[in-house]
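Residue numbers (the numbering used here), protein chains in the order written: chain A, 7 to 268; chain B, 1425 to 1753. C-beta: ideal position from N, C-alpha, C; glycine also. Below is one structure; the comments refer to it alone.
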Ligand SMILES: Cc1cc2nc3c(=O)[nH]c(=O)nc-3n(C[C@H](O)[C@H](O)[C@H](O)COP(=O)(O)OP(=O)(O)OC[C@H]3O[C@@H](n4cnc5c(N)ncnc54)[C@H](O)[C@@H]3O)c2cc1C
């Protein structure tokens, strides 16, 4: 099994205070901690597990500046064999469509049985790159994948539907699967693994290497053009309780009691 | 006349709520742009559904085929591509659901139709389409415009628009189009639905829920959470990362891919309030959220908010509940 995993280097924002930068089109990334996109982390783990069972190779691919090499190193440390970084200032502003084109330009030159990526990226949340890429490669795909069982030339996958329901599909290989969180338990990386990963080569490709035109990528090559970012308007705001933890707890108990719930 | 297509979603014989949410918003857009609202439904035995759709839409296009008994994005892609090329709608609207996420990007790529996913608002500005969506787990809103095209496509976030039946009903015309599928889709086949194994606890029946999220940090903190829930006489529920890590079983997850709950009290501890979670708990009678981030989206859904480290609140809260219970007896 030759497996390609597409990964994205994204800022962790759940606990961070976000500031919109002066262009109004993106957030100020200074001071944010970046790591592999949560969903891609599961995709990578799934790829490595499949390789461990069936043999073959895992190639991690990302689009991003120099910084994103730390995410590729993480993939190598976890068991990926090769890594490719696509980078060019012209790629900036690429939406899911332009991103898929960039990935496609390289992936079409590689051998693969499976392509795995996360169901969505935590930053943009488009959940679109995978299926677009599959269409460009003309291979079947499934999104929100919770389970993969491989047979010869086919895979059985479980997809999440709403409300805890899943559907099981049979899909011919080669195929692309966008995986959900919780499909596995991503492993910790050993020190040995990190050391080894530092020695591995990361192939770096730019726009010229992709065979794409400038107008295929970035804003020019995108469907979606961001006009501005803004803080969501507050439609309803909770009444905030203030004080020491004891005082707050006392108020909470009063509120809960007043509803007859204690 | 320009057309707006809405893809009706149905599963196991039921039309899904999202369909009427989409139709309601699409009707408003159709009126503004003087377009014809057209519902599209693909499936096997969907004539009853078509009647329901006709109350909202000027026309209902149905494609019937035994091969469409269950959703298959590849089959849908082929049929919709053909319909879109023939009718040239100015806009195609799908739900940002499990089905929409599977189908829309691939369909858009096949037709090179500009697509925006998971939108929460939409408007034509002249002949360009402007959309609002969110990034970074709901912390930032984005206004974007789609590249100019004859046909645009969007997927709409669930529960964003409130369905409203038109008065009087649209009394739409139902048009049955023969299925263009000549053969089985062999590269992608539906096998069966899979239900999660039944769990021990039904969080949808609980009067009080303590919902825990990634903010509890470590599995070692689970006993503390269980303790609080027990003291309060509540059941422990959670956001998705807690299930992903295996700290609680599947059937405790609240949200779009988990359960929808409506308890008298939902106490959210260390939950950011991503929309997939909020979908499952926003109708709770009383929502109290504890989160150390004052900008956490959960505070727009809570009745009461506490901006504080949950580990400072939980022990105090437990004590105060015990005191209150002691007073009562
Ligand atoms: C297709 C799909 C379906 C999904 N379905 C669901 C679903 O059904 N249910 C669901 O929940 N999610 C679902 N998700 C995931 C969802 O998008 C979010 O990733 C998830 O809800 C985040 O969970 P969280 O709030 O616990 O974690 P985070 O977003 O990481 O938030 C943790 C919060 O804890 C706070 N915090 C940290 N430490 C403390 C402390 N000491 N004291 C107080 N506060 C603290 C932080 O400020 C932060 O706000 C789905 C996603 C996708 C793509």
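Skipping 5 residues on each side, what residues in its chain have a beta carbon closer than 6 Å to that of residue i?
| i | result |
| --- | --- |
| residue 1548 of chain B | 1457 |
| residue 1643 of chain B | 1671 |
| residue 222 of chain A | 107 |
| residue 199 of chain A | 83 |
| residue 1543 of chain B | 1555, 1557, 1578, 1580 |
| residue 1710 of chain B | 1689, 1727 |
| residue 1566 of chain B | 1557, 1559 |
| residue 1718 of chain B | 1731 |
| residue 1444 of chain B | 1587 |
| residue 1680 of chain B | 1700, 1703 |
Residue i lies in the alpha helix (DSSP H); which residues open and close that run?
| i | result |
| --- | --- |
| residue 1427 of chain B | It is not in any alpha helix (DSSP H) - residue 1427 of chain B instead sits in the beta strand (DSSP E) that spans 1427-1431. |
| residue 255 of chain A | 251-264 |
| residue 1570 of chain B | Residue 1570 of chain B -> not in any alpha helix (DSSP H); beta strand (DSSP E) instead, spanning 1564-1570. |
| residue 216 of chain A | 213-216 |
| residue 1532 of chain B | 1522-1535 |
| residue 1762 of chain B | A query on residue 1762 of chain B cannot be resolved here, the shown segment of chain B reaching from 1425 to 1753 and no further. |
| residue 1577 of chain B | Looking at the DSSP string, residue 1577 of chain B is not in any alpha helix (DSSP H); the run it does join, the beta strand (DSSP E), is 1576-1580. |
| residue 1499 of chain B | 1497-1511 |
| residue 1455 of chain B | 1441-1457 |
| residue 7 of chain A | Careful: residue 7 of chain A lies outside any alpha helix (DSSP H) and carries neither H nor E. |
Below 8 Å on the Cβ atoms is my contact criterion, and I expect residue i with residue j to pass it. Report the Cβ-Cβ distance as a whole number of Å.
| i | j | result |
| --- | --- | --- |
| residue 1740 of chain B | residue 255 of chain A | 4 Å |
| residue 1534 of chain B | residue 1588 of chain B | Wrong, their Cβ atoms sit about 33 Å apart, outside the cutoff. |
| residue 176 of chain A | residue 1615 of chain B | 6 Å |
| residue 1461 of chain B | residue 1451 of chain B | 5 Å |
| residue 1683 of chain B | residue 1631 of chain B | In fact, because the Cβ distance is near 15 Å, the residues do not count as touching under 8 Å. |
| residue 103 of chain A | residue 8 of chain A | Incorrect: roughly 26 Å between the Cβ atoms, too far for contact. |
| residue 13 of chain A | residue 68 of chain A | 5 Å |
| residue 1712 of chain B | residue 258 of chain A | 6 Å |
| residue 1479 of chain B | residue 1594 of chain B | 6 Å |
| residue 1474 of chain B | residue 1640 of chain B | About 48 Å; that fails the 8 Å criterion. |
| residue 156 of chain A | residue 136 of chain A | Not a contact, Cβ separation roughly 18 Å. |
| residue 1623 of chain B | residue 1673 of chain B | 5 Å |
| residue 206 of chain A | residue 1724 of chain B | Going by Cβ atoms, the distance from residue 206 of chain A to residue 1724 of chain B rounds to 45 Å, so no, they are not a contact pair. |
For residue i, report the span of its beta strand (DSSP E) as first-last.
| i | result |
| --- | --- |
| residue 1689 of chain B | 1689-1693 |
| residue 1614 of chain B | 1612-1618 |
| residue 123 of chain A | 120-124 |
| residue 1515 of chain B | 1515-1519 |
| residue 236 of chain A | 230-236 |
| residue 1661 of chain B | 1659-1662 |
| residue 152 of chain A | 147-156 |
| residue 1463 of chain B | 1460-1467 |
| residue 1542 of chain B | 1539-1549 |
| residue 15 of chain A | 15-17 |
| residue 1739 of chain B | Not the beta strand (DSSP E): residue 1739 of chain B falls in the alpha helix (DSSP H), residues 1734-1752. |
| residue 1408 of chain B | No statement about residue 1408 of chain B is possible, as the shown extent of chain B runs from 1425 to 1753 and does not include it. |
| residue 176 of chain A | 172-178 |
| residue 1635 of chain B | 1632-1636 |
Excluding sequence positions up to five away, which residues of its chain have a Cβ less than 7 Å from the Cβ of residue i?
| i | result |
| --- | --- |
| residue 166 of chain A | 150, 152, 172, 186 |
| residue 1685 of chain B | 1627, 1628, 1633, 1661, 1678, 1704, 1705, 1708 |
| residue 129 of chain A | 16, 17 |
| residue 138 of chain A | 102, 103, 106 |
| residue 228 of chain A | 99, 100, 101, 103, 104 |
| residue 64 of chain A | 9, 11, 53, 54, 57, 85, 86, 87 |
| residue 1499 of chain B | 1491, 1492, 1605, 1609 |
| residue 1523 of chain B | 1433, 1495 |
| residue 75 of chain A | 91, 208 |
| residue 1562 of chain B | 1697, 1698, 1699, 1721 |
| residue 1468 of chain B | 1488, 1489, 1490, 1492, 1493 |
| residue 1648 of chain B | 1738 |
Residue i: buried (16+ other C-beta within 10 angstroms of its C-beta) or exposed?
| i | result |
| --- | --- |
| residue 1503 of chain B | buried |
| residue 1425 of chain B | exposed |
| residue 121 of chain A | buried |
| residue 1520 of chain B | buried |
| residue 270 of chain A | This structure does not reach residue 270 of chain A, given that chain A is present from 7 up to 268, and the question cannot be answered. |
| residue 60 of chain A | exposed |
| residue 1729 of chain B | buried |
| residue 265 of chain A | exposed |
| residue 1582 of chain B | buried |
| residue 126 of chain A | buried |
| residue 1536 of chain B | exposed |
With a threshold of 8 Å on Cβ separation, who are the neighbours of residue i within its own chain once the five nearest residues in sequence on each side are excluded?
| i | result |
| --- | --- |
| residue 38 of chain A | 17, 18, 19, 22 |
| residue 1665 of chain B | 1637, 1638 |
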